[in-house]
Structures are given as C-alpha cells and as structure tokens.
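S.K.:
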Amino acid sequence: MTVAPPDRDETAMIESILAGDTEQYHELIRPHERNVYKMALSLMKNEADAEDVAQEAFIKAFRKLADFRGQARFSTWLISITLNEARGRLRRQATARTESLDRSPEEGSTISPAMLRDWREIPSDAVERGEIREMLQMAIGNLAPLYREVFLLRDVEDFSIEETAVALAITTSNVKVRLHRARMMMQKELAPKLKQATPKRRWFPWS
Amino acid sequence: MVLECRHVWDYISGYLDHSLSPEIKAMVQEHLEHCEICSAILDSTRNILVLTADDRVFELPVGFSERLHARLDEEIKGPPEGQEVDEAEPEQR
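Top to bottom, those sequences are chains R and G.
Counting from 1, position 8 in the first sequence corresponds to residue 8 in my numbering; the numbering is continuous, with no gaps.
Counting from 1, position 15 in the second sequence corresponds to residue 1015 in my numbering; the numbering is continuous, with no gaps.
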C-alpha cells in the first residue's frame, strides 16, 4: 500500500505527458512500480512472468494514457490494467494446459476459521523474516483466482469495495461475499502457522 | 437475540470493514465480549490482513526498475538507433 507523495499532481503530470513531455512518464510511474509488481507476482506466482506482466502493464498504460480521464485514481487504473494483463496471460497458459481458471470452488459452503483460544499480535516486523514472507505469499497464491483477485485488490492494493467491483465487473455484494471467504481462508491457513512460527517465548532448551 | 459462534464468523469480514448494520454490529460486539474464541479469530484475521498488506512481503527483483525503464525508453522514444540513450535513473531506496 505505497502511497504517492501528497505533493505529486498526477493529473497535471499526465496532461503534460499527453501534451508531448513523454519523458515524464518515467517519473509518473516510479511510486507505483512496487504495487504493480506485487499484483503481478501474486497473480502469476513466478517472478519471470510477473516481471513481464508488470512491464507490459506499464507499456499499455502509456499507450492508453489518453483514455485515463481521472475518473479513478491513477494507481487504481494501473492495477486494473495489470490485472487484465495477468488474466490474459494466465488464460493463455491455462488453455495450453487445458485447465479452466473460472472454476468456482464450492462458492456456497461456509468456511470455518481456525479455532484459537487466544491471539498474540504478530508485529509487522515479522515480515522481515523470509520464512514469514514465504508463508504469506504462499497463502495468497493458494487462493483460487476468484478469491485471490478480490483479496489482492481490496486487502493488498487497498481498493475500496466499489473500486474492486468496478475492476472485476462484479457487484459490490459479490465482492463482499468473495472477500469474506478469501479472508476466512487466509485466517484458516495462516493463523495456526503464524502462531507456531512466532512462539510467545523462546524457552532455553536446558531450562 | 443471541448469536452463535458460527453466525459471528459470517460477520467478521463486514465487521472489519465497518459495513455491518448497527443492530448486527451490536450483537457481534456483545458476543465478542464474552467469547474468547471468536475474539481470537477476529484478532488473528485483522492481524493477518495487516501483515499481507505490508510492502515488505513482496520484494522487487534486483534490477527490476532499470529493466522496466529501459523498456519504457524504447517505447517512448522508439528503438535507439545508435543515438545516446539516457541512463536509467539511480534506484531510490
């Protein structure tokens, strides 16, 4: 959730790029590189594809810049382009493997969360640990695409419910249902593992 | 009306998004005050969302920015035909 510095006037930057100062595009996208890559990586699940998708998304956004009318945030618009780019590539890969992406796994059933008697807050510095990062990436990657997309837009890229609905061309109530399921799946998958990976106290083995 | 745990679970996402109606929210809160299991489920879910949103979870590959801007240069200026190509700007870290 990197936020562009508040003094950046992206609308003005876009106007001057469209007016011919194309070099400014480099500056325009700089604060968004990480978010676009993060989205691409979570969808593609491998670094090489993710980098390709991210590059393509930035190039498409440049070509289509005149279509950006400021009706959305520039970041939101970019992420939507990234999503479509990744979807297209996944679809081509899936066709090659004759596998369907659009399978919606048991959409009706309730997901029971992992039961815990207590929860000790895991400090955000824990993500400095490679093991924890891997756990989080894997849990996101393991969500079915249907849920992963909603989860990424809303909870990782910080889209609103409405923005998520627009980006995915689904209703807001659909977003809420999928989001709920995605979050519960994440809790179910991660809570026990995180709890184990971050024990409340390290006992000395000889004590 | 008293909510059972199973029903509270259905509202966790809405509770975190502050999108529950006042009546439901009050019932969920009432339940949470007495149920340590549901409280732990709520807390862990919230904690997990904070962790997954953390920028440090996904690192940019080394050289990502340089490769991206070099490719954009080609797109913006057309292919370099022996003329000087601007150096990629230094990485801001």
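For glycine and all other residues, C-beta sits at the position ideal for the given N, C-alpha and C.
#1: Could you please give the first and the last residue of the uninterrupted alpha helix (DSSP H) stretch that includes Ser-1021 of chain G?
#2: Inspect the CB distances between the region 171-185 of chain R and the region 75-86 of chain R and report whether three or more fall short of 8 Å.
#3: Can you find a CB in chain B that lies within less than 8 Å of the CB of Trp-77 of chain R?
#4: Could you tell me which of G:Leu-1068, G:Val-1062, G:Arg-1056, G:Trp-1009 sits nearest to Cys-1038 of chain G, measuring between CA atoms?
#5: Determine, using beta-carbon pairs with one atom in the region 39-55 of chain R and one in the region 63-75 of chain R, whether at least three such pairs fall under 8 Å.
#6: Starting from the Cα of Leu-116 of chain R, find the closest Cα among R:Lys-195, R:Thr-172, R:Glu-134 and give me that residue.
#7: Going by the CB atoms, is the gap between Leu-190 of chain R and Ala-139 of chain R shorter than 8 Å?
#8: Nearest-angstrom Cα distance between Arg-103 of chain R and Thr-95 of chain R?
#9: Under a three-way DSSP split, which group does Arg-8 of chain R fall into?
#10: Please go through the same chain and pick out, in chain order, the residues whose beta-carbon is closer than 6 Å to the beta-carbon of Lys-1025 of chain G, but skip the five residues on each side of it.
#11: Hey, does Ser-16 of chain R have any beta-carbon neighbour from chain G nearer than 8 Å?
#12: Between Gln-55 of chain R and chain G, is the shortest Cβ-Cβ distance under 8 Å, so that the two count as touching?
#13: Beta carbon of Phe-151 of chain R, beta carbon of Thr-76 of chain R: below 8 Å?
#14: Per the contact definition of three or more C-beta pairs closer than 8 Å, is the region 1040-1052 of chain G in contact with the region 21-34 of chain R?
#15: Do Leu-153 of chain R and Ala-167 of chain R count as a contact pair if the criterion is CB distance below 8 Å?
#16: Short of 7 Å in beta carbon distance, which residues of its chain neighbour Cys-1005 of chain G, apart from the five on each side in sequence? Order them along the chain.
#17: Taking its Cβ as the centre, do 16 or more other Cβ atoms sit within 10 Å of Pro-113 of chain R, making it buried, or is it exposed?
#18: Just checking: is the beta-carbon of His-1034 of chain G within a distance shorter than 8 Å of some beta-carbon in chain R?
#19: Does DSSP put Gly-88 of chain R in a helix, in a strand, or in coil?
#20: Going along the chain, which residues of its own chain have a beta-carbon closer than 6 Å to the beta-carbon of Met-1027 of chain G, five neighbours each way excluded?
#21: Going by the CB atoms, is the gap between Leu-1032 of chain G and Leu-1042 of chain G shorter than 8 Å?
M.R.: Concretely, from the data shown:
#1: Unbroken run through Ser-1021 of chain G: none, as it is neither H nor E.
#2: no
#3: The question asks about chain B, but that chain is absent: this structure's protein chains are R and G.
#4: G:Trp-1009
#5: no
#6: R:Lys-195
#7: yes
#8: Low confidence applies here, because Arg-103 of chain R scores a pLDDT of 49, under 50, leaving its location unreliable; read the following figure in that light. If I take the Cα positions, the gap works out to 14 Å.
#9: coil
#10: none
#11: no
#12: yes
#13: no
#14: no
#15: yes
#16: Cys-1035, Ile-1037, Cys-1038
#17: buried
#18: no
#19: helix
#20: Leu-1003
#21: yes
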